[in-house]
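For the sequence shown, the working numbering gives the first residue as 616, with consecutive numbering after it.
Read through the structure below, which is laid out as C-alpha coordinates, and then see the notes.
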Amino acid sequence: MSAPRTPIDWAAARERLDTLRRALDAGAARDPEEAARVLARRAVALAAPRPEAPPPGPRLELLVFDVARGRYGVETVHVHGVFALDGLTRLPGVPAFLLGVVNHRGRILPIVDLGGLFAQTRGGDGQGAQVVAVEAGGMRFGLAADAVVGLARVAGRDLASPPAGAEAPFVRGVSGEMVAVLALDALAQRIVIDDEGGRVALQRGEAR
616 MSAPRTPIDW
626 AAARERLDTL
636 RRALDAGAAR
646 DPEEAARVLA
656 RRAVALAAPR
666 PEAPPPGPRL
676 ELLVFDVARG
686 RYGVETVHVH
696 GVFALDGLTR
706 LPGVPAFLLG
716 VVNHRGRILP
726 IVDLGGLFAQ
736 TRGGDGQGAQ
746 VVAVEAGGMR
756 FGLAADAVVG
766 LARVAGRDLA
776 SPPAGAEAPF
786 VRGVSGEMVA
796 VLALDALAQR
806 IVIDDEGGRV
816 ALQRGEAR
(Lines of atoms letter the chains of each structure in order from A and count residues from 1; the text may use other names and numbers.)
(Lines give C-alpha, C1' and ligand atoms only; values in the text may rest on other atoms or scores of the structure.)
Protein backbone atom coordinates (compact mmCIF):
# COMPACT_ATOMS: atom_id res chain seq x y z
CA MET A 1 0.00 0.00 0.00
CA SER A 2 1.33 3.43 -0.91
CA ALA A 3 2.08 6.01 1.77
CA PRO A 4 -0.69 8.51 2.46
CA ARG A 5 -0.33 11.80 0.59
CA THR A 6 0.56 14.89 2.59
CA PRO A 7 -2.32 17.37 2.37
CA ILE A 8 -1.58 20.65 0.61
CA ASP A 9 -1.41 23.66 2.89
CA TRP A 10 -3.45 26.01 0.73
CA ALA A 11 -3.18 28.85 3.23
CA ALA A 12 0.64 28.77 3.13
CA ALA A 13 0.62 28.60 -0.66
CA ARG A 14 -1.66 31.63 -0.92
CA GLU A 15 0.60 33.53 1.49
CA ARG A 16 3.67 32.82 -0.64
CA LEU A 17 1.85 33.96 -3.77
CA ASP A 18 0.75 37.15 -2.04
CA THR A 19 4.34 37.86 -0.93
CA LEU A 20 5.62 37.36 -4.49
CA ARG A 21 2.86 39.59 -5.90
CA ARG A 22 3.70 42.39 -3.44
CA ALA A 23 7.39 42.21 -4.40
CA LEU A 24 6.53 42.47 -8.09
CA ASP A 25 4.17 45.37 -7.46
CA ALA A 26 6.87 47.20 -5.48
CA GLY A 27 9.29 46.88 -8.38
CA ALA A 28 6.72 48.11 -10.85
CA ALA A 29 5.85 51.06 -8.63
CA ARG A 30 9.42 52.38 -8.55
CA ASP A 31 9.81 56.14 -8.25
CA PRO A 32 9.26 57.55 -11.77
CA GLU A 33 12.09 60.06 -11.28
CA GLU A 34 14.50 57.28 -10.30
CA ALA A 35 13.42 55.25 -13.33
CA ALA A 36 14.03 58.30 -15.56
CA ARG A 37 17.51 58.76 -14.10
CA VAL A 38 18.35 55.10 -14.74
CA LEU A 39 17.16 55.38 -18.35
CA ALA A 40 19.13 58.61 -18.84
CA ARG A 41 22.32 56.99 -17.55
CA ARG A 42 21.81 54.06 -19.89
CA ALA A 43 21.23 56.39 -22.84
CA VAL A 44 24.43 58.32 -22.10
CA ALA A 45 26.41 55.10 -21.79
CA LEU A 46 25.08 53.84 -25.13
CA ALA A 47 25.72 57.17 -26.87
CA ALA A 48 29.31 57.49 -25.62
CA PRO A 49 31.87 56.74 -28.34
CA ARG A 50 33.73 53.50 -27.90
CA PRO A 51 37.42 53.91 -27.09
CA GLU A 52 39.54 53.57 -30.18
CA ALA A 53 42.10 50.82 -30.37
CA PRO A 54 45.65 52.13 -29.89
CA PRO A 55 47.52 52.73 -33.15
CA PRO A 56 49.59 49.76 -34.27
CA GLY A 57 52.81 51.76 -34.12
CA PRO A 58 55.67 51.62 -36.59
CA ARG A 59 56.44 48.29 -38.20
CA LEU A 60 60.03 47.21 -38.61
CA GLU A 61 61.19 45.59 -41.82
CA LEU A 62 63.91 43.11 -40.92
CA LEU A 63 66.48 41.06 -42.74
CA VAL A 64 66.53 37.79 -40.81
CA PHE A 65 69.50 35.43 -40.62
CA ASP A 66 70.77 32.49 -38.58
CA VAL A 67 73.95 32.29 -36.53
CA ALA A 68 74.63 29.00 -34.77
CA ARG A 69 71.48 28.22 -32.75
CA GLY A 70 70.14 31.79 -32.82
CA ARG A 71 68.00 33.75 -35.25
CA TYR A 72 68.63 37.47 -35.60
CA GLY A 73 67.19 40.41 -37.47
CA VAL A 74 68.46 43.82 -38.54
CA GLU A 75 66.40 46.66 -39.95
CA THR A 76 66.75 46.79 -43.72
CA VAL A 77 67.39 50.54 -43.63
CA HIS A 78 70.82 49.70 -42.19
CA VAL A 79 71.65 46.93 -44.68
CA HIS A 80 74.10 47.68 -47.50
CA GLY A 81 74.23 44.25 -49.03
CA VAL A 82 74.72 40.53 -48.55
CA PHE A 83 77.70 38.68 -49.99
CA ALA A 84 79.70 35.49 -49.52
CA LEU A 85 82.53 35.74 -47.03
CA ASP A 86 85.66 35.64 -49.17
CA GLY A 87 89.12 37.13 -48.86
CA LEU A 88 89.03 37.29 -45.07
CA THR A 89 92.22 38.64 -43.49
CA ARG A 90 92.84 37.38 -39.97
CA LEU A 91 94.24 39.79 -37.42
CA PRO A 92 96.30 38.51 -34.50
CA GLY A 93 95.29 39.35 -30.96
CA VAL A 94 91.82 40.65 -31.78
CA PRO A 95 88.77 39.94 -29.61
CA ALA A 96 87.11 36.57 -30.09
CA PHE A 97 84.06 38.07 -31.77
CA LEU A 98 86.05 39.53 -34.69
CA LEU A 99 86.73 37.03 -37.45
CA GLY A 100 88.95 39.52 -39.27
CA VAL A 101 88.52 42.09 -42.02
CA VAL A 102 87.66 42.07 -45.71
CA ASN A 103 88.12 44.68 -48.39
CA HIS A 104 84.58 45.40 -49.51
CA ARG A 105 84.14 47.96 -52.28
CA GLY A 106 87.36 49.68 -51.31
CA ARG A 107 86.59 49.82 -47.60
CA ILE A 108 88.02 47.83 -44.72
CA LEU A 109 85.07 45.96 -43.29
CA PRO A 110 85.42 44.24 -39.89
CA ILE A 111 83.47 41.00 -39.71
CA VAL A 112 81.64 40.37 -36.45
CA ASP A 113 80.88 36.84 -35.31
CA LEU A 114 77.80 37.11 -33.09
CA GLY A 115 78.37 33.62 -31.74
CA GLY A 116 81.80 34.65 -30.55
CA LEU A 117 80.54 37.92 -29.11
CA PHE A 118 77.70 36.41 -27.14
CA ALA A 119 79.54 33.28 -26.00
CA GLN A 120 82.83 35.13 -25.45
CA THR A 121 84.65 32.36 -27.33
CA ARG A 122 86.21 32.17 -30.75
CA GLY A 123 83.55 31.42 -33.33
CA GLY A 124 83.90 29.43 -36.51
CA ASP A 125 86.40 29.99 -39.28
CA GLY A 126 83.83 31.70 -41.47
CA GLN A 127 84.00 29.17 -44.28
CA GLY A 128 80.74 28.98 -46.18
CA ALA A 129 79.38 31.96 -44.29
CA GLN A 130 77.58 34.93 -45.70
CA VAL A 131 78.08 38.52 -44.65
CA VAL A 132 75.30 40.98 -43.93
CA ALA A 133 76.91 44.40 -44.47
CA VAL A 134 75.35 47.04 -42.23
CA GLU A 135 75.99 50.64 -41.25
CA ALA A 136 75.25 52.12 -37.84
CA GLY A 137 76.88 54.44 -35.37
CA GLY A 138 78.87 56.11 -38.14
CA MET A 139 80.66 52.97 -39.27
CA ARG A 140 80.13 50.07 -41.62
CA PHE A 141 80.78 46.47 -40.62
CA GLY A 142 79.68 42.97 -41.51
CA LEU A 143 77.80 40.32 -39.57
CA ALA A 144 78.78 36.73 -40.35
CA ALA A 145 75.68 34.60 -40.96
CA ASP A 146 75.29 30.86 -41.42
CA ALA A 147 72.22 31.44 -43.59
CA VAL A 148 70.06 34.37 -44.65
CA VAL A 149 66.41 33.49 -44.01
CA GLY A 150 64.67 36.42 -45.70
CA LEU A 151 62.57 39.46 -44.86
CA ALA A 152 60.05 39.87 -42.06
CA ARG A 153 57.91 42.68 -40.68
CA VAL A 154 57.16 43.09 -36.99
CA ALA A 155 55.51 45.80 -34.92
CA GLY A 156 57.98 47.53 -32.65
CA ARG A 157 55.53 47.46 -29.74
CA ASP A 158 55.29 43.66 -30.00
CA LEU A 159 58.96 43.12 -29.20
CA ALA A 160 59.56 41.49 -25.84
CA SER A 161 62.47 42.46 -23.64
CA PRO A 162 65.57 40.37 -24.31
CA PRO A 163 66.50 37.79 -21.69
CA ALA A 164 69.39 38.58 -19.41
CA GLY A 165 72.73 37.42 -20.68
CA ALA A 166 75.56 38.31 -23.01
CA GLU A 167 73.13 39.22 -25.82
CA ALA A 168 71.02 41.66 -23.81
CA PRO A 169 73.07 44.86 -24.40
CA PHE A 170 73.02 44.25 -28.16
CA VAL A 171 69.36 43.23 -28.63
CA ARG A 172 66.47 45.70 -28.89
CA GLY A 173 63.87 43.03 -28.35
CA VAL A 174 62.62 39.61 -29.37
CA SER A 175 59.71 39.05 -31.74
CA GLY A 176 56.98 36.47 -31.29
CA GLU A 177 58.82 34.27 -33.80
CA MET A 178 61.89 34.37 -31.52
CA VAL A 179 63.89 36.67 -33.80
CA ALA A 180 66.33 38.77 -31.76
CA VAL A 181 66.33 42.28 -33.27
CA LEU A 182 69.87 43.62 -33.00
CA ALA A 183 70.77 47.04 -31.62
CA LEU A 184 73.34 47.90 -34.27
CA ASP A 185 74.44 51.14 -32.63
CA ALA A 186 75.46 49.19 -29.55
CA LEU A 187 77.44 46.77 -31.70
CA ALA A 188 79.16 49.62 -33.53
CA GLN A 189 80.30 51.09 -30.24
CA ARG A 190 82.28 47.94 -29.54
CA ILE A 191 84.39 48.21 -32.68
CA VAL A 192 87.14 50.60 -33.73
CA ILE A 193 88.73 50.23 -37.15
CA ASP A 194 91.94 51.93 -38.21
CA ASP A 195 92.01 51.90 -42.01
CA GLU A 196 95.71 52.72 -42.23
CA GLY A 197 97.02 50.27 -39.67
CA GLY A 198 94.36 47.62 -40.10
CA ARG A 199 93.81 47.74 -36.33
CA VAL A 200 90.60 46.46 -34.81
CA ALA A 201 89.93 47.00 -31.12
CA LEU A 202 87.29 47.35 -28.48
CA GLN A 203 85.68 50.76 -28.22
CA ARG A 204 86.68 50.83 -24.57
CA GLY A 205 90.12 51.91 -25.78
CA GLU A 206 91.66 48.52 -25.20
CA ALA A 207 93.73 47.81 -28.29
CA ARG A 208 94.08 44.16 -29.08
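The beta carbon of each residue, even a glycine, is placed where N, CA and C say it ideally should be.
Since the model is a prediction, treat every value here as computed from it, not as a measurement.
Pop quiz: residue i and residue j are said to be a contact at Cβ under 8 Å. What is the actual Cβ separation, rounded to whole angstroms?
i    : j    : result
A781 : A734 : 7 Å
R674 : R722 : Actually they are not in contact, since the Cβ atoms of R674 and R722 sit about 31 Å apart, beyond 8 Å.
E676 : R768 : 5 Å
A751 : D800 : 5 Å
Once the 5 residues before and after residue i are set aside, which same chain residues still bring their CB inside 7 Å of it?
i    : result
D773 : S790 and G791
A798 : F785, V786 and R787
Could you pull out every residue in the same chain whose Cβ sits closer than 8 Å to the Cβ of residue i, ignoring the five residues on either side in sequence?
i    : result
L713 : L706, P725, I726, V727, D728, G731, I806 and V815
V794 : L677, V679, R686, Y687, G688, A767 and V769
G753 : A803
What number of angstroms, rounded off, separates the C-alpha of residue i from the C-alpha of residue j?
i    : j    : result
H693 : T704 : 24 Å
V749 : G696 : 7 Å
Q758 : P778 : Rather than Gln, the amino acid found at residue 758 in this sequence is Leu. Spanning the two alpha carbons is a distance of roughly 21 Å.
G685 : R656 : 56 Å
E690 : F785 : 14 Å
L632 : D624 : 13 Å
G708 : V716 : 13 Å
G771 : E648 : 52 Å
V796 : R720 : 27 Å
V747 : V764 : 12 Å
A775 : R652 : 47 Å
A627 : T634 : 11 Å
Which residue or residues does DSSP assign as beta-bridge partners of residue i?
i    : result
I726 : G715 and G757
G791 : DSSP lists no partner for G791.
A751 : M754
V694 : V749
F680 : Y687 and V763
V709 : For V709, which the question treats as bridged, DSSP gives no partner whatsoever.
R674 : A770
L799 : Paired residues: none, contrary to the question.
T704 : V716
A775 : V789
Out of the options, which has the shortest C-alpha to C-alpha gap to residue i?
i    : options                   : result
A762 : L675, R656 and V682       : V682
L766 : L632, R629, G688 and A626 : G688
A744 : V717, D701, F785 and A770 : D701
A699 : L632, N718, R631 and R652 : N718
Quick one: residues in its chain with C-beta nearer than 6 Å to the C-beta of residue i, no 5 flanking neighbours on either side, listed in chain order?
i    : result
A783 : P777
At a cut-off of 8 Å, is residue i close to the ligand ATP when judged by its beta-carbon and the heavy atoms of the ligand?
i    : result
G743 : Judged by which ligands are present, the structure shown has none, so any question about the ligand ATP falls away.
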